[in-house]
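> One structure, as structure tokens, below. Some questions next.
Numbering (the numbering used here), first residue to last: 10 to 553.
This is the structure:
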């Protein structure tokens with residue numbers, strides 16, 4: 010084996026997705042694309058300019074990018090945002106009608122190519138800005154060069170989308186004009202959330218959104234700038250709550266996937282304690298009719314660092330990035346662990362009660378909050394509205410019990426349980442091959458016999474892994490496309506997925522063992538050769 014002497018003390022990592030071996034049942038990973046439009050200004054002098062719509066657009070873009078989406082961001086970042094986010098403006102495009110159509114066409118080419126490859130494709134359309142009633146009584150949203158009507162939105166965005174599933178996220182001040190005819194909108198005083206939801210559902214049905222059963226909608230409306238945006242967040246309140254939930258804290262059953270019902274429950278918990286109705290966002294969440302369990306996002310699919318908060322972590326907490334921007338807020342019930350996806354910031358500050366901890370994720374992996382160094386902190390807010398938000402926003406603890414109660418009252422289809430995530434920080438030794446001080450020649454012909462058997466076993470395991478995984482993915486695509494989810498079929502899917510991961514682990518472990526036997530240097534070893542498994546890697550190490 011002299012030929013391989015250059016591999017002395019080599020380390021061979023085989024990259025694997027984070028938590029790929031975590032749950033018994035995993036979804037097919039969709040290809041994700043997003044068109045984000047954010048505009049502070051309005052074409053009407055009656056509408057006050059927004060301050061943080063551009064910030065919302067930028068943060069949506071960063072979050073979705075970190076979760077694996079191909080993003081087009083249409084916004085004009087104001088001077089404060091550009092100062093606070095150096096270089097961010099270079100990745101933006103103007104929020105004009107022509108650019109919207111051009112960006113949509115470009116994304117459609119990519120989405121169609123993914124569909125042609127047999128991929129499931131998710132498309133996000135996000136709007137943050139102003140909405141009002143046009144001269145013809147139809148609701149419209151303001152772009153930099155003029156308004157776009159709801160009919161135009163449906164025809165040019167939803168109607169042309171080549172995605173398997175569409176997700177609309179619209180955070181618009183005065184958004185009631187997008188769902189009421191002119192003169193039909195009630196006053197804010199006495200305006201109840203259930204009234205708002207019923208009217209929106211009726212309008213969407215008449216506006217033919219129901220003609221797109223693969224499309225889900227997340228809508229919010231508030232009465233003015235002060236309740237739409239909050240300086241402490243430097244963002245819209247509703248959008249911040251949505252993004253917080255999408256980082257993973259809305260996941261009620263711990264499977265890593267966030268469904269519409271889970272995000273709806275989380276956002277409701279975040280705002281229900283605000284005593285002033287006018288300060289609460291009026292929200293509506295509609296899951297795609299064709300499959301109401303289709304996740305909005307799954308945090309385990311991206312190669313991102315994950316913050317793990319153990320069971321028993323209780324109360325309000327918030328995360329800020331290295332630039333001091335609010336990343337996520339939540340109020341943990343302590344009933345179950347919380348897993349939160351971190352973005353691209355080099356460090357984060359986790360605030361919990363009177364303490365804070367600095368998080369410096371060095372690589373994709375899991376950060377355990379119990380291993381962090383905590384220190385005292387203090388935060389100050391000013392102003393009547395700010396004080397109300399500080400005391401009441403995210404005032405209700407969110408967890409499995411809150412979610413169960415919300416779903417039973419709100420009538421959502423309960424979230425599927427895709428299996429708990431199992432996380433491990435250190436490699437788990439699977440095989441110890443050749444003790445220190447021995448060479449391959451010392452063991453006679455057995456290393457070569459064993460290696461031959463290992464190669465055959467690895468090839469066989471690889472064949473079964475490929476076959477069973479292909480069956481599972483094919484069935485999952487059928488479920489996503491048709492919405493049919495019979496219990497016997499789901500049991501078959503779970504079984505196929507378990508076999509796929511089981512055979513996959515076996516194939517990699519046996520293949521690594523074979524490599525260790527063949528590459529082992531005849532001159533001896535100063536340390537054992539071992540195979541280790543982490544949530545993201547299979548590692549072969551030793552001296553060769």
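We put the CB at the ideal spot given by N, CA and C, even for glycine.
Predicted, not measured: the structure shown is a model, and the values here were computed from it.
1) For residue 224 versus residue 175, is the C-beta distance shorter than 7 angstroms?
2) Which same chain residues, not among the five before or five after residue 258, have their C-beta less than 8 angstroms away from its C-beta?
3) In the region 351 to 391, which residue ranges form an unbroken beta strand (DSSP E) of at least 3 residues, counting only runs that do not cross its ends?
4) So does the region 364 to 375 actually touch the region 289 to 306, counting three or more Cβ pairs closer than 8 angstroms?
5) Considering residue 156, what are the terminal residues of the beta strand (DSSP E) in which it resides?
6) How would you label residue 53, buried or exposed, when you count the other beta carbons within 10 angstroms and need 16 or more for buried?
7) Whose CA, out of 366, 428, 136, 70, lies closest to the CA of residue 262?
8) Can you name, in chain order, every residue of its own chain whose Cβ lies under 7 angstroms from the Cβ of residue 63, other than the five neighbours on each side?
9) Which of helix, strand or coil does DSSP assign to residue 265?
10) Check this for me: beta carbons of residue 352 and residue 71, under 7 angstroms apart or not?
11) Report the partner residues of residue 315 according to the DSSP bridge assignment.
12) Is residue 188 helix, strand or coil by DSSP?
13) Identify whether residue 308 lies in helix, strand or coil by the three-state DSSP scheme.
14) So, residue 81 versus residue 44, is the Cβ gap smaller than 7 angstroms?
15) If I measure Cβ to Cβ from residue 416 and keep anything under 6 angstroms in the same chain, skipping five residues before and after, which residues do I get?
16) Using the three-state DSSP reduction, which class does residue 247 fall into: helix, strand or coil?
17) By how many angstroms is the C-alpha of residue 386 removed from the C-alpha of residue 172?
18) Considering only the alpha carbon of each residue, which of 265, 152, 137, 310 lies closest to residue 74?
19) For residue 317, which of 152, 298, 256, 302 has the nearest alpha-carbon?
20) Rounded to the nearest angstrom, what separates residue 178 and residue 260 at their Cα positions?
21) Rounded to a whole number of angstroms, what is the C-alpha to C-alpha distance between residue 367 and residue 334?
22) Looking at the structure shown, is residue 407 part of a helix, part of a strand, or coil, going by DSSP?
23) Reducing DSSP to helix, strand and coil, say where residue 138 ends up.
24) Using 10 angstroms around the beta-carbon of residue 382, count the other beta-carbons present and answer buried if the total reaches 16, otherwise exposed.
25) With distances taken between CB atoms, is the gap from residue 360 to residue 327 smaller than 7 angstroms?
26) Can you tell me whether residue 58 is helix, strand or coil according to DSSP?
27) Take residue 132 as the anchor and find which of 42, 358, 323 has the nearest alpha-carbon.
28) To the nearest angstrom, report how far apart residue 365 and residue 380 are at their CA atoms.
29) Please name the residue or residues paired with residue 48 in a DSSP beta bridge.
30) Identify whether residue 101 lies in helix, strand or coil by the three-state DSSP scheme.
For this structure:
1) yes
2) 275, 337, 339, 341, 347, 349, 407
3) 357 to 361, 364 to 368, 375 to 377, 383 to 385
4) no
5) 155 to 158
6) exposed
7) 428
8) 47, 49, 84, 85, 86, 87, 90
9) coil
10) yes
11) 350, 375
12) Reliability fails at residue 188, whose pLDDT of 37 lies under 50, so the model's placement of it is uncertain and no value is given.
13) coil
14) yes
15) 270, 423
16) helix
17) 45 angstroms
18) 310
19) 256
20) 18 angstroms
21) 14 angstroms
22) strand
23) strand
24) exposed
25) yes
26) coil
27) 42
28) 13 angstroms
29) In DSSP, residue 48 forms no bridge with anything.
30) strand
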